[in-house]
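A.B. asks:
There are 2 protein chains.
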Amino acid sequence: MSLNAIFNPKSIAVIGASTKEKTVGNDVAKNLTSQGFEGQVYFVNPKADELYGQKVYHSIKDLPADIDLAVFAIPATFIPDEIEKLAAKNCQAIIIISAGFKEIGNLQLEQQVAEICQKHHITLIGPNCLGAINPYINMNASFATLMPKTGNVSFISQSGALVSALLDYAQDRDLGFAKFVSIGNKAGAKELDLIRYFFKDESTKVIAAYSEDLINAPQFIKTIKDYNLGPNPKPIVILKSGRTEEGSSAIASHTGSLSSGDAAYEALFAQAGVIRANTVAQMFDILEVFSKNELTPVKTTAIITNAGGPGVLTTDAVIKHNLKLAQFDPKATEQLKSLLRPAASTKNPVDVLGDAKAFEYQAALEAVASDSHTDSVIVLLTPQSMTELEETAQAIVNIRQNFIKPLIVSFMGAKTVDPAVKILRNANIATVSYPESAAAALGAFAQFSSWKSSQKDDQVFTFNDIDKSKVAQIFAQAKAQGQTSFPEAQALEILRAYNFPLLKSAQANSVEEAISIAQDFNCNLAMKIVSPDILHKSDVGGVMLNVTIDSIAQDYQKMMATVSTNKPDAKLEGVLLMEMAPSGIELILGANKDPNLGSTIMFGLGGIYVEVLKDVSFGLTPISKKDANKMITSVKSYKILEGVRGQEPVDIKSIQEALGRLSVLLTDFPEIIELDINPLLAFSGGVRVLDGRIVIK
Amino acid sequence: MSLNAIFNPKSIAVIGASTKEKTVGNDVAKNLTSQGFEGQVYFVNPKADELYGQKVYHSIKDLPADIDLAVFAIPATFIPDEIEKLAAKNCQAIIIISAGFKEIGNLQLEQQVAEICQKHHITLIGPNCLGAINPYINMNASFATLMPKTGNVSFISQSGALVSALLDYAQDRDLGFAKFVSIGNKAGAKELDLIRYFFKDESTKVIAAYSEDLINAPQFIKTIKDYNLGPNPKPIVILKSGRTEEGSSAIASHTGSLSSGDAAYEALFAQAGVIRANTVAQMFDILEVFSKNELTPVKTTAIITNAGGPGVLTTDAVIKHNLKLAQFDPKATEQLKSLLRPAASTKNPVDVLGDAKAFEYQAALEAVASDSHTDSVIVLLTPQSMTELEETAQAIVNIRQNFIKPLIVSFMGAKTVDPAVKILRNANIATVSYPESAAAALGAFAQFSSWKSSQKDDQVFTFNDIDKSKVAQIFAQAKAQGQTSFPEAQALEILRAYNFPLLKSAQANSVEEAISIAQDFNCNLAMKIVSPDILHKSDVGGVMLNVTIDSIAQDYQKMMATVSTNKPDAKLEGVLLMEMAPSGIELILGANKDPNLGSTIMFGLGGIYVEVLKDVSFGLTPISKKDANKMITSVKSYKILEGVRGQEPVDIKSIQEALGRLSVLLTDFPEIIELDINPLLAFSGGVRVLDGRIVIK
């Protein structure tokens, strides 16, 4: 996919360049000729002759040269024919701004366009989008008026209309971009294609997206992991809407595609190490911090403030966003004590006092920046009449050059602090308006390094004790007979083929065999008579529980004698010996196939924990060993598995392995759309599948 | 308390008016003479003669007339003497800006100042504060430079340094104030005194506060309830810091007072109907909505947008903040369909399409504003090149006059939308920059009306079956002996006096008495021998369980016979008959005395629910019947009490009553600092206290 032709074209044709102002075709033509783009721009419109001092060609065929990129602003139905004409001009990429495709139910036209592009190896952005912008070459191939300043954030927006607002917010916050693209209906390039491109794009340091739906979780996770666990990671920040059912159905009504459940997206982002922004404002705060700081690991932060109240508010926010307040080392504490006034607080948050001068801020920042327990710094300032606003900003800029720990500054207020904030921004220092935003953004920043370190020594699940062909055969046979549902016994057979720990069972036809099986199983057993002539086994004394190795010889003979007496005509073949289910904690493993993302695995404790407290966790296949572990430890009731009230802890490793086997089974057989292992009994010695249910499509 | 002299003085003396710029004494003098205050202002300073064209008096005694208000900006230690001099000038109120009191450990000086003020009936604000502002009379008796515009929000800030930032943010957001006051160490007027004053203040419509600690929850709740359940309620919005332990300890280090646990504050605010803001930014959003809308009940909202993405983001936020999307009535739907283009979405959120003109916004707003299912409206706009920004703003202003439902507008972006936002602001329409903020603020707005309706028909707990004097006697006796702890039996005696349902028990000394007690108790009984000579009752056959009415005569005689045989020498007095504990669900009721707020009650299900899942709720005494009910229903495990997996529901009314008795006991005896009822057994027929523990101070 040649996304380079989208962002770095030498020549662009605007198909539908219009002379009528405030139309898309006019806006694009204006943006491409008035904002400094130095490549060749051609206008095409059968009904116009001149626009913005340039000749307008009446047809694509008339264009005097080959073109790299074409931007469409003509009615949807005309587009397929025009693409064919572009192919003849060696066009490498197109952006279809025009609407009138899938979003109004016209899926066929959209597929037709996509196929034509594929046939000619033309990269497609859209349809129903806003266009693409590359500020580094002053290219605004969109109908958004604003050209953003250059920077290191590359942005992908599923919503076109949102872009104009985002560019306006960004300008106000002085945030710069490497690339900006709106992808609309995503018939061609999708989020992951652009993420791949931005990974390789030298001017991109941070990748951001507004997204309503994503597809193919396994590919998404693998691509991002492969790159971001490498030497040059780029954080990805996504604002994903549709958190609620109501939100998802609003997406459905305006894009025509139903979004997956939010829990699946939460799992997806957690596994891929994608930072999720909760609001537009928070997304900007997070981008600000990633854009203007080096990617160093952050667990602790130091707060410097000239006002106690904001210090406390920020402390609360720091803790809420999973960071710790740094406990300063003695050297830093000494330094703070010697440099600040006695009434100042030299603990974290450091209070330099309301009337602090620039040199006091400087001293405090120097001390905490070199503190060995401090990973990052938040500087807060309230503008008092004695505050040296611009001098303080300048002092921060000076010290900033001496350390690389992430720094976020909140000069609280608006007009009063603006000139000082400008000084900070010009020096590429991350600033936010509100103090709690600094903590929230820093929390997101820290999430990225903590994800990276959590991936260390992680492993994929591989099993060499799996009988894949047996399951393939079961499914093939079922499909041939139109069977899609596999209740208990059949489900257990499938799970046994993947070597899930089931309750052991075997038939013994003699006392010797019974002894040998009991020795082999090495646990308490249930013994049931096997006879074609006996239906109600327990009525004739054909069921015994808690049979031990020591008692089995005697019990076997006793059962044979009793049953013979009670049912003299019956033919007794032997006994079925089954492992007695140990006492333990009931778990539920579930799986669901999401049409967009793939298979989702659910984990939780059974009974009240799942049904009443909804205390469950999710993972997207394939899960890694650490993913599985995180699923287990992240439910609130996890402590129960560790053993409470004198109970022995259950075998977490075995649960982890069961999740792994489930993940492999789901990956091997994408036709599984539902699967429940309920209960999975967990105890100190392992786990046992007691019941299961599988549905394929 | 004459707070009127603080906010509406005719004459003000600045004690410590300084000629040195960028000092507090100079700032206050400048603010009072340069911002349009029309009252008399006097400067006092022994070392100066003239300041800002006015004579400086060398001593308070020299002042030529009586004064209403004095503002102190002199070293703390000089202040007590000066207050005495002010009293001679009939001074009614003072603001002590000077620091150097409790916050640096100088509690004694602070108490001395407070006592002198009390003696002379002088109202005190501070010390260690920023001052007070009344924009309606252009009075800025503070060292903050900015005079806010007039409006209907009155603000109380515990933090002085925060004020300058708040005023700056407010100016940027065009939010106006009725009064602004910083109360510092709160040696005189506290939050509740000011709230009382603002309740009566005609220019105040909304009361807001930044607070680090509050005191006396019963008084706080009662005062606010009494007023806000009346005819002219005023919403109270509080930004309370110290949510986390780290935050609380940061408060302690800068104010010298330890904040109560956050759960207690959450309960306090819920009971008093106070809206809690989470961040400074959110507080402003909430104030914006309360300030510019009438207080009507809100459960649903309609969203109008020209962009799908922001519509979805806002839908998510609406649901997150406990609102519902309005389901339009057929008339509104018809109206939308007839007025908007076919591609527009006429469901909620209403999408008027990216290129919507002002008249389309107007049509959509008219339709949803008159929809019978819509309680409030959020209007979103992204600035497209064809968007009629100012015309759309004007259209909204025009329609706004026709309906009183709350309206919040988010014109997304910054510079591009600014002129349009100005039109909205000038027409007193609530605007926020980010769409999700609109939903969050509207959620807070709705909270107030939902609190009001939740208070309808609420009742206080009163019991006429309580033996208060008995408990008073027990505590008096204990205190005399230095006893503070009351374990099981003693605690149960206290609880019995308050008629908590304990397991019934009585002694029977004859078979006739035993039968009569069994008939009276009407439940299964445990029977235990009563004899001064028998220690281990069960060893001699002196314990029988599950004795019924039918069997009791026989069982009584059998026990007597058996024990006589086993222990012939023992003197047998009779038997103790005790109600057998029914099977049920174990609950925990706990109580804790918070040094600032008062007694806190905790409720939760026993065992894992409290210990592992921390699934508990809190209330502050005295709780009402609805408060108790909310405590019970707000734990996540509440559904278990309603009956799960075929269990009968437990008797919620009895749990509610037990909480009520506990609340009354704690109110009657403030010396109780800890109390546990654990377990309280709940079953379908009621509750029983099985064990308890009480600690007094």
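As you go down the protein sequences, you meet chains A and B in turn. In short: position in the first sequence from 1, add 18, done, that's our numbering. In short: position in the second sequence from 1, add 18, done, that's our numbering. All C-beta atoms in this analysis are idealised placements derived from N, C-alpha and C, irrespective of residue type, glycine included.
1. Can you list, in chain order, the residues of the segment 221-245 of chain B whose Cβ is nearer than 9 Å to any Cβ on chain A?
2. Alpha carbon to alpha carbon, how far is Gly661(B) from Pro667(B)? Give it in angstroms, no decimals.
3. Looking at the unbroken beta strand (DSSP E) that takes in Gly34(A), where does it start and where does it end?
4. Which same chain residues, not among the five before or five after Gln53(A), have their C-beta less than 7 Å away from its C-beta?
5. Which residues of chain B have a Cβ atom closer than 8 Å to the Cβ of Thr51(A), listed in chain order?
6. Give me the chain A residues within the contact set of Glu264(B), using Cβ-Cβ distance strictly less than 8 Å, ordered along the chain.
7. Rounded to whole angstroms, what is the Cα-Cα separation between Ile122(A) and Ser428(B)?
8. Does Asp45(B) come within less than 7 Å of chain A when only Cβ atoms are used?
9. So within the segment 284-353 of chain B, which uninterrupted beta strand (DSSP E) runs reach at least 3 residues, ignoring any that extend past its ends?
10. Using a Cβ distance threshold of 8 Å, determine whether the segment 609-626 of chain A contacts the segment 560-568 of chain A, with at least three qualifying pairs required.
11. From Ala432(A), Glu689(A) and Asn152(A), pick the residue whose C-alpha is nearest to that of Ser182(B); which is it?
12. What residues of chain A sit near Ser403(B), judged by a beta carbon separation below 7 Å?
13. Going by DSSP, what residues sit across from Glu68(B) in a beta bridge?
14. Around the C-beta of Val682(A), are 16 or more other C-beta atoms found within 10 angstroms, so that it is buried, or is it exposed?
15. In the segment 592-626 of chain A, which residues sit with their C-beta less than 9 Å from some C-beta in chain B, listed in chain order?
16. If the criterion is Cβ atoms closer than 7 Å, does the pair Ala524(A) and Leu638(A) meet it?
17. Regarding Ser390(B) and the ligand MN, is the C-beta to nearest heavy atom distance less than 6 Å?
18. With contact counted as at least three CB pairs below 8 Å, one residue from each stretch, are the segment 512-524 of chain B and the segment 703-712 of chain B in contact?
19. Please decide whether Tyr283(B) counts as near chain A, where near means a Cβ-Cβ distance under 7 Å.
20. When you compare only the Cα positions, how much space is there between Ile426(A) and Thr449(A)?
21. Does any residue of chain A bring its CB to less than 7 Å from the CB of Met157(B)?
22. Is there contact between the segment 284-292 of chain B and the segment 465-484 of chain B, where contact requires at least three CB pairs shorter than 8 Å?
23. Using a Cβ-Cβ cutoff of less than 8 Å, which residues in the same chain neighbour Asn643(B) once the five nearest sequence positions on both sides are dropped?
24. Just curious, the beta strand (DSSP E) that Met157(B) is in, first and last residue?
25. For Ile254(A), list the residues DSSP reports as bridge partners.
26. Going straight from the alpha carbon of Lys243(A) to that of Asn234(A), what length do you get?
27. For a contact meaning CB atoms closer than 9 Å, what does Glu454(B) contact in chain A?
28. Anyone know if the C-beta pair for Val370(A) and Asn324(A) falls short of 7 Å?
29. Going by C-alpha distance, which of Asn63(A), Asp568(A) and Phe161(A) is nearest Tyr75(A)?
30. Sorted by chain position, which residues of the same chain lie with C-beta nearer than 6 Å to Ser635(A)'s C-beta, five sequence neighbours on each side aside?
31. Verify the CB distance criterion: does Pro367(A) have a CB-CB separation below 7 Å to chain B?
32. If we require 3 or more residues per run, which beta strand (DSSP E) segments fall completely within the segment 351-419 of chain B?
33. Measure the beta-carbon distance from Ile322(A) to Val368(A) and round it to whole angstroms, keeping in mind my assumption that it falls under 8 Å.
34. Output the residue ranges of the alpha helix (DSSP H) runs that lie fully inside the segment 197-245 of chain B and measure 4 residues or longer, sorted by chain position.
35. Under 8 Å between beta-carbons, which chain A residues line up against Asn324(B)? List them in chain order, please.
36. For Ala268(B), go through chain A and note every residue whose CB falls closer than 8 Å to its CB, in chain order.
C.D. replies: Considering the structure as presented:
1. Listed by position along the chain: Tyr228 and Glu230.
2. Against the second sequence, residue 667(B) aligns to sequence position 649. Against the second sequence, residue 661(B) aligns to sequence position 643. Roughly 4 Å separates the two Cα atoms.
3. Position 16 of the first sequence, counted from the start, is the residue given in the question as residue 34(A). Gly34(A) -> no beta strand (DSSP E), and no H or E assigned at all.
4. Translated into positions along the first sequence, residue 53(A) becomes position 35. For Gln53(A), where only same-chain residues beyond five positions count, the Cβ hits under 7 Å are Asn156, Asn158 and Met165.
5. If you number the first sequence from 1, residue 51(A) lands on position 33. Simply none; closest approach about 15 Å.
6. Mapped onto the second sequence, residue 264(B) falls at position 246. Correct list: Thr333, Asp334, Val336, Ile337 and Leu343.
7. By one-based count along the first sequence, residue 122(A) stands at place 104. By one-based count along the second sequence, residue 428(B) stands at place 410. Distance between the alpha carbons of Ile122(A) and Ser428(B) is about 27 Å.
8. The residue given as residue 45(B) occupies position 27 in the second sequence. So yes, Asp45(B) belongs to the interface.
9. Qualifying beta strand (DSSP E) stretches, in chain order: 293-295 and 318-323.
10. no
11. Walking along the second sequence from the start, residue 182(B) turns up at place 164. Of the listed residues, the one whose Cα sits closest to Ser182(B) is Ala432(A).
12. Against the second sequence, residue 403(B) aligns to sequence position 385. Using a Cβ-Cβ cut-off of 7 Å, Ser403(B) is close to Lys40, Asp45, Phe161 and Thr163 of chain A, given in chain order.
13. Taking the second sequence and counting its residues from 1, the one referred to as residue 68(B) is at position 50. In DSSP, Glu68(B) forms a bridge with Lys73(B).
14. Looking up residue 682(A) in the first sequence gives position 664. When all chains shown are included, Val682(A) counts as buried.
15. Gly625 and Ile626
16. Numbered from 1 along the first sequence, position 506 holds the residue referred to as residue 524(A). Numbered from 1 along the first sequence, position 620 holds the residue referred to as residue 638(A). No, the Cβ-Cβ distance between Ala524(A) and Leu638(A) is not below 7 Å.
17. You won't find the ligand MN in this model; it holds no ligand whatsoever.
18. yes
19. On the second sequence, residue 283(B) is found 265 positions in, with the first residue counted as 1. Answer no: the Cβ-Cβ gap between Tyr283(B) and chain A never drops below 7 Å.
20. Against the first sequence, residue 426(A) aligns to sequence position 408. Against the first sequence, residue 449(A) aligns to sequence position 431. Answer to the nearest angstrom: the Cα atoms are 6 Å apart.
21. Here residue 157(B) is taken as the residue at index 139 of the second sequence, counted from 1. For Met157(B), the answer is no, since every Cβ of chain A falls outside 7 Å of its Cβ.
22. yes
23. Position 625 of the second sequence, counted from the first residue, corresponds to residue 643(B). Going by the sequence as given, residue 643(B) is Lys instead of Asn. Counting only Cβ-Cβ distances below 8 Å, and skipping sequence neighbours, we find Asp476, Gln477, Val478, Phe479, Gln674 and Gly678.
24. Counting from 1 along the second sequence, the entry for residue 157(B) is found at position 139. That run of the beta strand (DSSP E) goes Met157 to Ser160.
25. Translated into the one-based positions of the first sequence, residue 254(A) becomes position 236. DSSP lists Ile225(A) as partners of Ile254(A).
26. For the purposes of this step, residue 243(A) is identified with residue 225 of the first sequence, where counting begins at 1. For the purposes of this step, residue 234(A) is identified with residue 216 of the first sequence, where counting begins at 1. The straight-line gap from Cα to Cα measures roughly 14 Å.
27. Numbered from its first residue, the second sequence carries residue 454(B) at position 436. In chain order: Asn296, Thr297, Val298, Ala299 and Gln300.
28. Working through the first sequence from its first residue, we reach residue 370(A) at position 352. Working through the first sequence from its first residue, we reach residue 324(A) at position 306. Yes, these two residues count as a Cβ contact at 7 Å.
29. Walking along the first sequence from the start, residue 75(A) turns up at place 57. Ranking Asn63(A), Asp568(A) and Phe161(A) by Cα distance to Tyr75(A) puts Asn63(A) first.
30. Here residue 635(A) is taken as the residue at index 617 of the first sequence, counted from 1. Hits under 6 Å: Phe621, Met649, Ser652 and Val653.
31. Within the first sequence, numbered from 1, the residue matching residue 367(A) stands at position 349. Cβ-Cβ to chain B under 7 Å: yes for Pro367(A).
32. 395-399
33. If you number the first sequence from 1, residue 322(A) lands on position 304. If you number the first sequence from 1, residue 368(A) lands on position 350. So it is a contact: roughly 5 Å between Cβ atoms.
34. Whole alpha helix (DSSP H) segments, 4+ residues: 209-218.
35. In the second sequence, the residue the question calls residue 324(B) occupies position 306. Those within 8 Å of Asn324(B) in chain A are Ala179.
36. Mapped onto the second sequence, residue 268(B) falls at position 250. Chain A residues near Ala268(B): Gly326, Gly329, Val330, Thr333 and Pro367.
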